[in-house]
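For the record, the sequence lines run as chains Z and D.
Just so we're aligned, residue 297 is where the first sequence starts under the numbering used here, counting upward by one.
Just so we're aligned, residue 297 is where the second sequence starts under the numbering used here, counting upward by one.
In this text, a Cβ means the ideal position worked out from N, Cα and C, and glycines have one as well.
Number of protein chains: 2
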Amino acid sequence: MATLHTQIVELGERSYPVVVGSGLLAGNFNLADYVSGTDCMIVSNETVAPLYLQALTSNLSGKSVKTVILPDGEAHKTIDSAMLVIDALVAAGANRDTTLIALGGGVVGDITGFAAATYMRGVSLIQVATTLLAQVDSSVGGKTGVNHPGGKNLIGAFHQPKLVLIDTETLNTLPDRELRAGLAEAVKHGAIAASDYFLWMEQNVEALLAKDGDALAQVIIRSCQIKAAVVAEDEREHGARALLNFGHTFAHAIENSLGYGEWLHGEAVAAGMVMAAELSELDEAQQQRLIALLEALGLPVRPPPVGAARLRKAMNLDKKIMAKRLRFILLESIGSAYIADDVPDALLSRVLAYGEP
Amino acid sequence: MATLHTQIVELGERSYPVVVGSGLLAGNFNLADYVSGTDCMIVSNETVAPLYLQALTSNLSGKSVKTVILPDGEAHKTIDSAMLVIDALVAAGANRDTTLIALGGGVVGDITGFAAATYMRGVSLIQVATTLLAQVDSSVGGKTGVNHPGGKNLIGAFHQPKLVLIDTETLNTLPDRELRAGLAEAVKHGAIAASDYFLWMEQNVEALLAKDGDALAQVIIRSCQIKAAVVAEDEREHGARALLNFGHTFAHAIENSLGYGEWLHGEAVAAGMVMAAELSELDEAQQQRLIALLEALGLPVRPPPVGAARLRKAMNLDKKIMAKRLRFILLESIGSAYIADDVPDALLSRVLAYGEP
Numbered sequence: 297m298a299t300l301h302t303q304i305v306e307l308g309e310r311s312y313p314v315v316v317g318s319g320l321l322a323g324n325f326n327l328a329d330y331v332s333g334t335d336c337m338i339v340s341n342e343t344v345a346p347l348y349l350q351a352l353t354s355n356l357s358g359k360s361v362k363t364v365i366l367p368d369g370e371a372h373k374t375i376d377s378a379m380l381v382i383d384a385l386v387a388a389g390a391n392r393d394t395t396l397i398a399l400g401g402g403v404v405g406d407i408t409g410f411a412a413a414t415y416m417r418g419v420s421l422i423q424v425a426t427t428l429l430a431q432v433d434s435s436v437g438g439k440t441g442v443n444h445p446g447g448k449n450l451i452g453a454f455h456q457p458k459l460v461l462i463d464t465e466t467l468n469t470l471p472d473r474e475l476r477a478g479l480a481e482a483v484k485h486g487a488i489a490a491s492d493y494f495l496w497m498e499q500n501v502e503a504l505l506a507k508d509g510d511a512l513a514q515v516i517i518r519s520c521q522i523k524a525a526v527v528a529e530d531e532r533e534h535g536a537r538a539l540l541n542f543g544h545t546f547a548h549a550i551e552n553s554l555g556y557g558e559w560l561h562g563e564a565v566a567a568g569m570v571m572a573a574e575l576s577e578l579d580e581a582q583q584q585r586l587i588a589l590l591e592a593l594g595l596p597v598r599p600p601p602v603g604a605a606r607l608r609k610a611m612n613l614d615k616k617i618m619a620k621r622l623r624f625i626l627l628e629s630i631g632s633a634y635i636a637d638d639v640p641d642a643l644l645s646r647v648l649a650y651g652e653p
Numbered sequence: 297m298a299t300l301h302t303q304i305v306e307l308g309e310r311s312y313p314v315v316v317g318s319g320l321l322a323g324n325f326n327l328a329d330y331v332s333g334t335d336c337m338i339v340s341n342e343t344v345a346p347l348y349l350q351a352l353t354s355n356l357s358g359k360s361v362k363t364v365i366l367p368d369g370e371a372h373k374t375i376d377s378a379m380l381v382i383d384a385l386v387a388a389g390a391n392r393d394t395t396l397i398a399l400g401g402g403v404v405g406d407i408t409g410f411a412a413a414t415y416m417r418g419v420s421l422i423q424v425a426t427t428l429l430a431q432v433d434s435s436v437g438g439k440t441g442v443n444h445p446g447g448k449n450l451i452g453a454f455h456q457p458k459l460v461l462i463d464t465e466t467l468n469t470l471p472d473r474e475l476r477a478g479l480a481e482a483v484k485h486g487a488i489a490a491s492d493y494f495l496w497m498e499q500n501v502e503a504l505l506a507k508d509g510d511a512l513a514q515v516i517i518r519s520c521q522i523k524a525a526v527v528a529e530d531e532r533e534h535g536a537r538a539l540l541n542f543g544h545t546f547a548h549a550i551e552n553s554l555g556y557g558e559w560l561h562g563e564a565v566a567a568g569m570v571m572a573a574e575l576s577e578l579d580e581a582q583q584q585r586l587i588a589l590l591e592a593l594g595l596p597v598r599p600p601p602v603g604a605a606r607l608r609k610a611m612n613l614d615k616k617i618m619a620k621r622l623r624f625i626l627l628e629s630i631g632s633a634y635i636a637d638d639v640p641d642a643l644l645s646r647v648l649a650y651g652e653p
């Protein structure tokens, strides 16, 4: 029997466990125990379903299980996809005791979470995260939503899952590019909140890229600890939770400029963190550590050459929407972040110029 | 200065006032005090906007005010209408500090509330209720949502407003048919929770139909008291709040069978309450009192002749979705309701037969 690691996200009566282990889908975990009613619906995508749908279903014996398969990719994180899930729930006559189970990465998790938040004003949700990005970040914390042509995640809800299940064996089938994109969010956790974790990643790049099971489990457990602590402190992002958006203002501008799905979210976050670090006027050595770690992990450290004007336009919408004033998460040093809304425009222009062709 | 009546909906840090009075839109109330940021967006419809949009806007001096006008009617209570509101928010660059203001009846309130619940995972909401149905029922309690072709309100969220504003003068422009539809929900409140209120309505039918200001204000205040108490006790309808659904299983079947908007919601509720009373095997005298009051108010007491089979089909979807077992709100007596899930099918068939042509 493999070791299970459980991290509780402490949110009073909405607390829930994040369970991390190997071989959970193969039978080391009885998911049916977490489905309170008799009915559940698994939402997955064309890529993940052929790999894990059968295994997941066999962990749900005794339950009535329906399935919805969505197309793969960020380009499909739309209100229409969420409505496909709702249509399937209606067609199945799903009631308030239904549990929705997201089987996949961040996109599947966000869409399924939003459907669970809004179907009949809220039904139960379980996240079974199969990409590293979802395992270290997006499956924990209850942010659900879909993109709008005008910006990422503009339509959504806070809806905490009852359980997050992370089977590290799913990483064996994860494309390297997606693994690296997930590591970007782990780097983010170290950069904003834990210099020792950042250092540990610097020392374990090879093991991580080689998909060493122990190293990846460490990353997942440590990132989930950090995420759980931040979410427990500030569930609805009135304050400290915003620090988790380090690199994300630039990342959203990159994704919006290129078209959703062109770069993976984690890739955009990597380049965005370097831009935010530059904006932080971090000391040179620390900035170089961030760049070096991301490069070692095979991640981009510069935005794509879409032009500074285009990045600024995308960012202005984000800016206008997110806050009246330009608001960034900056680094004091590696391991310590803060919110700044007084970034000089000349400095910002210099950073956006990285996007010049 | 007109008298203001304030009823607090007690929900801890989400508590809010329901303010009832005459001439509030004409300047007896400073709505701007309840808009925390600088920006707000009023959502109304083609019928209400020409009547009250200008007055409402002039109560918002010092604020930046945008407007969205939706088509009128239950047929437009769709996810597409909610997305029109979201599109307008994005186009306006609305941020998290935006306040959405619903100006209209139940449909506008439900759509606007859902947009407020989901835009950027939740922004502030104010309900300015201009129909009696919204004033006595739908604007209070935080239920928001839109219809799905498969059933009413299947897509939604609980999202409490910061304020419910009820200017009783808006009833002067309300069509008689809509006034009567609103009274149906008031009858419901008396029937399930307050026999004295029911009796008072029996004694004040003429004043109510003549739109006597004091009588209508009494109805609004009393209904809001009852609604506020039920919501405070059970915000998310795990228990007692379900009693407010008296007549609604049949009403939804009627609305779904006829097509949304054919009958007004309150009309369907009136016929539905008579059907539920029949199902309750209430004593004959009390049943006659319910029928007589609804008839005196000019409301239907029988379903439209769509056929029992069609009603049952619509109800089966509702039933399947709402609970595994057929679940009805029944009357013990006028003023006292309970939840029953053991209604004999033969009895149900007899009641559905009222829908035979």
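Which of helix, strand or coil DSSP assigns to residue i
i	result
Leu627/D	strand
Met297/Z	Confidence in Met297/Z is poor, its pLDDT being 45 and thus under 50, which makes the residue's placement unreliable; the coordinate value appears in the next sentence. It is coil, neither helix nor strand.
Gly594/Z	coil
Asn468/Z	helix
Gly656/D	As shown, chain D starts at 297 and ends at 653. That puts residue 656/D outside it, with no answer to give.
Glu563/Z	helix
Asn391/Z	coil
Ala430/Z	helix
Leu578/D	coil
Gly568/Z	helix
Val483/Z	helix
Leu307/Z	coil
Asp638/D	coil
Ala378/Z	helix
Spatial distance of residue i from residue j (CA atoms)
i	j	result
Gly486/D	Trp496/D	9 Å
Arg532/D	Glu574/D	28 Å
Ala567/Z	Asp508/Z	25 Å
Met416/Z	Thr440/D	10 Å
Val436/Z	Leu648/D	47 Å
Ala528/Z	Glu551/D	43 Å
Ala328/Z	Asn355/Z	6 Å
Ala654/Z	Asp335/Z	Nothing can be reported for residue 654/Z, as the shown portion of chain Z is limited to 297 through 653.
Ile338/D	Val315/D	18 Å
Asn378/D	Val442/D	This sequence places Ala at residue 378/D; Asn is not what is there. Distance between the alpha carbons of Ala378/D and Val442/D: 8 Å.
Gly409/D	Ala592/D	33 Å
Gly369/Z	Val381/Z	16 Å
Tyr650/D	Asp579/D	19 Å
Val565/D	Leu300/Z	53 Å
Val515/Z	Gln303/Z	13 Å
Arg310/D	Arg598/D	40 Å
Ala538/D	Ile635/D	8 Å
Which residues DSSP lists as bridging residue i, in chain order
i	result
Phe674/Z	The question about residue 674/Z has no answer, for chain Z in this structure spans 297 to 653.
Gln423/Z	Ala398/Z and Val460/Z
Thr302/Z	Val315/Z
Ala633/Z	Leu627/Z
Tyr415/D	Ile451/Z
Candidates the options, of which the one nearest residue i by Cα
i	options	result
Gly478/Z	Gly452/Z, His455/Z and Ala513/Z	Ala513/Z
Ile488/Z	Val570/Z, Leu593/Z and Ala592/Z	Val570/Z
Thr291/D	Glu591/D, Asn449/D and Asn552/D	Because chain D in this structure spans residues 297 to 653, residue 291/D falls outside the shown range and cannot be described.
Arg623/D	Asn391/D, Gly543/D, Gln350/D and Val442/D	Gly543/D
Gly401/Z	Gln431/Z, Gly418/Z and Thr414/Z	Gln431/Z
Ile462/Z	Ala413/Z, Leu590/Z, Val565/Z and Ile397/Z	Ile397/Z
Asp472/D	Asp406/D, Arg310/D, Leu429/D and Thr363/D	Leu429/D
Ile522/D	Thr427/D, Pro653/D, Ser434/D and Tyr330/D	Ser434/D
Pro653/Z	Asp641/Z, Gly409/Z, Pro600/Z and Ile630/Z	Pro600/Z
Ser332/D	Glu591/D, Val404/D and Leu459/D	Leu459/D
Ser420/Z	Asp510/Z, Asn391/Z and Thr343/Z	Asn391/Z
Arg518/D	His372/D, Gln456/D, Asp492/D and Arg476/D	Asp492/D
Ala345/D	Val404/D, Ala538/D and Arg310/D	Val404/D
Gly418/Z	Ala425/Z, His444/Z, Gly452/Z and Pro445/Z	Gly452/Z
His548/Z	Ala388/Z, Pro367/Z, Gly446/Z and Gln350/Z	Gly446/Z
Hey, which unbroken runs of the beta strand (DSSP E) at 3 residues or more fall wholly within the region 314–374 of chain Z? Every unbroken stretch of the beta strand (DSSP E) spanning 3 or more residues and falling wholly within the region 314–374 of chain Z is given here in chain order: 335–341 and 360–366.
Quick one: complete alpha helix (DSSP H) runs, 4+ long, within the region 498–557 of chain Z? 501–505, 509–529 and 544–554
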